[in-house]
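Chains W and F, in that order, give the protein sequences. Going by our numbering, the first sequence runs without a break in its numbering and finishes at 484. Going by our numbering, the second sequence runs without a break in its numbering and finishes at 484. Here's the structure we're looking at; comments come further down.
Number of protein chains: 2
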Amino acid sequence: MTMEIMGNVEKVSIFVSGWLWLKGLLARALIKMEEIGRQTRKIAKDDPRRLIHSLKVGLALTLVSLFYYFQPLYNNFGVSAMWAVMTVVVVFEFSVGATLGKGLNRGLATFAAGALGLGAHHLASATGKTCEPILIGLFVFLQAVASTFIRFIPKVKARYDYGMLIFILTFSLVSISGLRTDEIVELAQKRLLTILIGASTCVVVSIFVCPVWAGEDLHKLVANNIEKLGNFMEGFGNECFKTFEDSENGRSSSLIGLSSVLDSKTSAETLANFARWEPGHGQFMYRHPWKQYLKIASLTRQCACRIEVLNGYLYSKTQAPQEIQGIISSMSSESGKALKELALAIATMTKPPSRNRHISNLKVASTNLNSLLKSDFWEKHANLLQVIPIATVASLLNDTVTNVENIAGAVDELSCLANFKSSGEEMRSNKVLKQVDVEDQNPHVCIKIDGAEHVKQEGQSSIQTGYQNLGV
Amino acid sequence: MTMEIMGNVEKVSIFVSGWLWLKGLLARALIKMEEIGRQTRKIAKDDPRRLIHSLKVGLALTLVSLFYYFQPLYNNFGVSAMWAVMTVVVVFEFSVGATLGKGLNRGLATFAAGALGLGAHHLASATGKTCEPILIGLFVFLQAVASTFIRFIPKVKARYDYGMLIFILTFSLVSISGLRTDEIVELAQKRLLTILIGASTCVVVSIFVCPVWAGEDLHKLVANNIEKLGNFMEGFGNECFKTFEDSENGRSSSLIGLSSVLDSKTSAETLANFARWEPGHGQFMYRHPWKQYLKIASLTRQCACRIEVLNGYLYSKTQAPQEIQGIISSMSSESGKALKELALAIATMTKPPSRNRHISNLKVASTNLNSLLKSDFWEKHANLLQVIPIATVASLLNDTVTNVENIAGAVDELSCLANFKSSGEEMRSNKVLKQVDVEDQNPHVCIKIDGAEHVKQEGQSSIQTGYQNLGV
Numbered sequence: 013m014t015m016e017i018m019g020n021v022e023k024v025s026i027f028v029s030g031w032l033w034l035k036g037l038l039a040r041a042l043i044k045m046e047e048i049g050r051q052t053r054k055i056a057k058d059d060p061r062r063l064i065h066s067l068k069v070g071l072a073l074t075l076v077s078l079f080y081y082f083q084p085l086y087n088n089f090g091v092s093a094m095w096a097v098m099t100v101v102v103v104f105e106f107s108v109g110a111t112l113g114k115g116l117n118r119g120l121a122t123f124a125a126g127a128l129g130l131g132a133h134h135l136a137s138a139t140g141k142t143c144e145p146i147l148i149g150l151f152v153f154l155q156a157v158a159s160t161f162i163r164f165i166p167k168v169k170a171r172y173d174y175g176m177l178i179f180i181l182t183f184s185l186v187s188i189s190g191l192r193t194d195e196i197v198e199l200a201q202k203r204l205l206t207i208l209i210g211a212s213t214c215v216v217v218s219i220f221v222c223p224v225w226a227g228e229d230l231h232k233l234v235a236n237n238i239e240k241l242g243n244f245m246e247g248f249g250n251e252c253f254k255t256f257e258d259s260e261n262g263r264s265s266s267l268i269g270l271s272s273v274l275d276s277k278t279s280a281e282t283l284a285n286f287a288r289w290e291p292g293h294g295q296f297m298y299r300h301p302w303k304q305y306l307k308i309a310s311l312t313r314q315c316a317c318r319i320e321v322l323n324g325y326l327y328s329k330t331q332a333p334q335e336i337q338g339i340i341s342s343m344s345s346e347s348g349k350a351l352k353e354l355a356l357a358i359a360t361m362t363k364p365p366s367r368n369r370h371i372s373n374l375k376v377a378s379t380n381l382n383s384l385l386k387s388d389f390w391e392k393h394a395n396l397l398q399v400i401p402i403a404t405v406a407s408l409l410n411d412t413v414t415n416v417e418n419i420a421g422a423v424d425e426l427s428c429l430a431n432f433k434s435s436g437e438e439m440r441s442n443k444v445l446k447q448v449d450v451e452d453q454n455p456h457v458c459i460k461i462d463g464a465e466h467v468k469q470e471g472q473s474s475i476q477t478g479y480q481n482l483g484v
Numbered sequence: 013m014t015m016e017i018m019g020n021v022e023k024v025s026i027f028v029s030g031w032l033w034l035k036g037l038l039a040r041a042l043i044k045m046e047e048i049g050r051q052t053r054k055i056a057k058d059d060p061r062r063l064i065h066s067l068k069v070g071l072a073l074t075l076v077s078l079f080y081y082f083q084p085l086y087n088n089f090g091v092s093a094m095w096a097v098m099t100v101v102v103v104f105e106f107s108v109g110a111t112l113g114k115g116l117n118r119g120l121a122t123f124a125a126g127a128l129g130l131g132a133h134h135l136a137s138a139t140g141k142t143c144e145p146i147l148i149g150l151f152v153f154l155q156a157v158a159s160t161f162i163r164f165i166p167k168v169k170a171r172y173d174y175g176m177l178i179f180i181l182t183f184s185l186v187s188i189s190g191l192r193t194d195e196i197v198e199l200a201q202k203r204l205l206t207i208l209i210g211a212s213t214c215v216v217v218s219i220f221v222c223p224v225w226a227g228e229d230l231h232k233l234v235a236n237n238i239e240k241l242g243n244f245m246e247g248f249g250n251e252c253f254k255t256f257e258d259s260e261n262g263r264s265s266s267l268i269g270l271s272s273v274l275d276s277k278t279s280a281e282t283l284a285n286f287a288r289w290e291p292g293h294g295q296f297m298y299r300h301p302w303k304q305y306l307k308i309a310s311l312t313r314q315c316a317c318r319i320e321v322l323n324g325y326l327y328s329k330t331q332a333p334q335e336i337q338g339i340i341s342s343m344s345s346e347s348g349k350a351l352k353e354l355a356l357a358i359a360t361m362t363k364p365p366s367r368n369r370h371i372s373n374l375k376v377a378s379t380n381l382n383s384l385l386k387s388d389f390w391e392k393h394a395n396l397l398q399v400i401p402i403a404t405v406a407s408l409l410n411d412t413v414t415n416v417e418n419i420a421g422a423v424d425e426l427s428c429l430a431n432f433k434s435s436g437e438e439m440r441s442n443k444v445l446k447q448v449d450v451e452d453q454n455p456h457v458c459i460k461i462d463g464a465e466h467v468k469q470e471g472q473s474s475i476q477t478g479y480q481n482l483g484v
């Protein structure tokens, strides 16, 4: 009896512990699921186009799998229909440019390698049954070595890497298959046709169903990066002379996001590579000056580098004289505004306003700072150690101003190359300038007529003079 | 007669112009060929492993194409042998880690998706002939949407992107093929087997024929980047107060290569991702702390950012007093030496020398600079504008010193995590320190016993005090 009770107790305890273990497992699984769910929602929310892209892939795949469902289509292509499915899975990329690039690479490489493979097969089969496999093996080996090596050439790697891969693949398959199947020409034709069908399905779905343009993404990336720097510089003006405790939330949110700008080189270059494959769309023509965007992006990164160093002087607890504080604040907030104006000009594809008000303000501030530093105002700061951080900030700010000027120049160039539309004010000022030019009997090309360019040259020279005055 | 002569003249002139055109074409083709040849030689010379890699791809491809050459092998696998060739072409990558990662991804994804695809096929076929294609279509669509979306999760994208692609591909092919072929299980088995054979051929050739280890490349990249910064800082000490004309070749070669350091983020991360797949090899164990390399690389990039700003003050034509020039020169060349010592420690996998001589020198130099700046030595420079650039350089140098300290700390951590071997001197100093610890009856963990760590803490605190004295 006692034995039985004890046995029951044991059973119950095993059951309970099993239940607890299962409950724990379920709870952990639930937590994990919730976390995955949260992450998934975040990914979809950050960029809803990702969800649309997934649906588009599903759509394209379902379309090409119709080959298998309908008897007449299947009768035509047979097992080769498989290649259409493979092509869709492998070629369909997030942006139109990437999809087009991969599709064209795959199509052309399949065609070229197929033709060469057939040639190699005929050549080898003419030499007799013994030599054939040896010759084919040699061809495949040499072709693989040469093509793999060509993939290392930087230009090929950037644009035709996938094509080279498909070239090796197709050449090997076609020339080796020749050893075994007699209907090799028909096979190659079918394969090429199904690949073309798969690739064009991808391209059509990619372009006509909520297209994602790499060019547009690059355009936005460049504008956003400049805007981030602008936000930082505006924020810096306010925060520079606060102590850490003064600023309520520590670093204000505008000061974050610098590192994403610094690390944007690869993504900008990838997008530019894709954008080159894209046809004209929206405000972008076919040969939009994508390279100029890379130039602006590179200048922006340089500027971000300076600004990161400036960032180290935040909350430095320096008690600078009120006048200097004022000038430094106004300089950094003006360069912030100038940057944001440039970002807006890119984003809206309008010519940056001529005689940029903020750049003029920057000039005034720079001159003021120089005259103040020259005056005997500083004499009372006998201990130089108190002066150094302020001098450094001033010097770095002057550097940053030069960077802002460079970016403005590159944006002006872009606005000319890409025919940005003129804003109302700009058109008026251009008219005046054109009249002046006509009076001078000195016709200028676009970049010289452009009012902004004039201002830029003025601005730059004067700032540079101030800069040289600083002895830097 | 005249007609005939004119006709002949015309023929000759056509022949001549045709010949000239052909000659021009040939000449241009020759020039182009020469250029390609030069570029090819450069690519092979820059990294001879590229040539070896191409030969390895040829070898692996020839090995798997044996399937087609030998009747018994072909009888076993039939057309499925194609998948071995495809796998080799697609999976074989430059480094062992990348090849292993892709091979494992491909193998596991094919297995999982094949099994699921078979399941889907059975489930669908149980519902009858009419529902089957609809259900299969639905499965394929849902699976493609879900898998494509999962590819956007950053962790998945970094390590399992290729696996997800193969998952979509295999699931679609297996479940759709089920509609048409009856021997679907046999087909799936054969395909899996040939893919495994192809992938293992790649892995074996990749590991046993002149292996290229991504981990080793990462190791070298990180060490080289630190060395580049070290070279720059050494050069900066010499060049800083020269005018542009003084320095014979403009910027000396040591000052170049900064931008490659700044842009190395992506390549370092890619290499670290590959390295995680690699088995232990040479001095690297299986779970080598690759993440720590990324930390060092990130600190190196921060330091490079400061140094790029410093670079703007080269040849600034400032006439700093001799004493200050001397201290600044010695500070930058000492930090250069300290960086190069750290690079050497990583490259040779020895613990960085304890009580780093150059870091001690840096401390002395920093103290000297501070006391000099504090003295009334500067009073004679009534015009502050002459002082500013020097003050900025001094301030930036102090920043750089902090960066060097941070890098030294991270390298120390790495040397502990990865069990770097001790240098002779180091072992002696460790013994002394251990004795001290035993006397204190206060046993420390590795990082505290380490002599370098002690020095680092001393060094850092004292430099930081000096830094705070500077008011920065």
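Every residue, glycine too, gets a C-beta built ideally from N, C-alpha and C.
Residue nearest to residue i in terms of C-alpha spacing, selected from the options
| i | options | result |
| --- | --- | --- |
| residue 65/F | 162/W, 111/W, 375/W, 130/W | 162/W |
| residue 294/W | 223/W, 20/W, 380/W | 223/W |
| residue 94/F | 74/F, 380/F, 228/F | 74/F |
| residue 102/W | 156/F, 375/F, 147/F, 205/F | 156/F |
| residue 77/F | 175/F, 201/F, 207/F, 122/F | 207/F |
| residue 97/W | 195/F, 213/F, 178/F, 360/F | 178/F |
| residue 426/F | 59/F, 214/F, 308/F | 308/F |
| residue 243/W | 81/W, 270/W, 284/W | 270/W |
| residue 172/F | 132/F, 111/F, 154/F, 86/F | 111/F |
Interface flag, residue i vs chain F, CB-CB below 9 Å
| i | result |
| --- | --- |
| residue 184/W | yes |
| residue 65/W | yes |
| residue 269/W | no |
Residue i at chain W interface by Cβ criterion, 9 Å
| i | result |
| --- | --- |
| residue 234/F | no |
| residue 143/F | no |
| residue 55/F | yes |
| residue 172/F | no |
| residue 378/F | no |
| residue 346/F | no |
| residue 213/F | no |
| residue 298/F | no |
| residue 70/F | yes |
| residue 74/F | yes |
| residue 459/F | In this prediction, residue 459/F has a pLDDT of 36, which is less than 50 and means its spatial position is unreliable; what the coordinates show is noted afterwards. Cβ-Cβ to chain W under 9 Å: no for residue 459/F. |
| residue 249/F | no |
Nearest-angstrom Cα separation, counted from residue j out to residue i
| i | j | result |
| --- | --- | --- |
| residue 209/F | residue 100/F | 9 Å |
| residue 107/W | residue 197/F | 37 Å |
| residue 40/F | residue 68/F | 34 Å |
| residue 247/F | residue 415/W | 25 Å |
| residue 444/F | residue 59/W | In this prediction, residue 444/F scores a pLDDT of 43, lower than 50, which makes its location untrustworthy; no coordinate-derived value is stated. |
| residue 344/F | residue 324/W | 20 Å |
| residue 21/W | residue 46/W | 36 Å |
| residue 361/W | residue 166/F | 32 Å |
| residue 452/F | residue 30/W | Low local confidence applies: a pLDDT of 39 at residue 452/F is under 50, so the model's placement there is unreliable, with the coordinate-based value given in what follows. Their backbone Cα atoms lie some 51 Å apart in a straight line. |
| residue 116/W | residue 38/W | 49 Å |
Run of the alpha helix (DSSP H) containing residue i, from where it starts to where it stops
| i | result |
| --- | --- |
| residue 212/F | 196–220 |
| residue 117/W | 108–137 |
| residue 286/F | 277–287 |
Residue i: CB within 8 Å of a non-hydrogen atom of the ligand ADP
| i | result |
| --- | --- |
| residue 229/W | The ligand ADP is not part of the structure shown, which contains no ligands of any sort. |
Q: Anything in the stretch 151–178 of chain F with a Cβ closer than 7 Å to a Cβ of chain W? List those residues in chain order, please.
A: 152, 153, 156, 157, 160, 161, 164, 165, 177
Q | Positions along the stretch 308–323 of chain F whose CB lies within less than 7 Å of some CB in chain W | A | 317, 318, 320, 321
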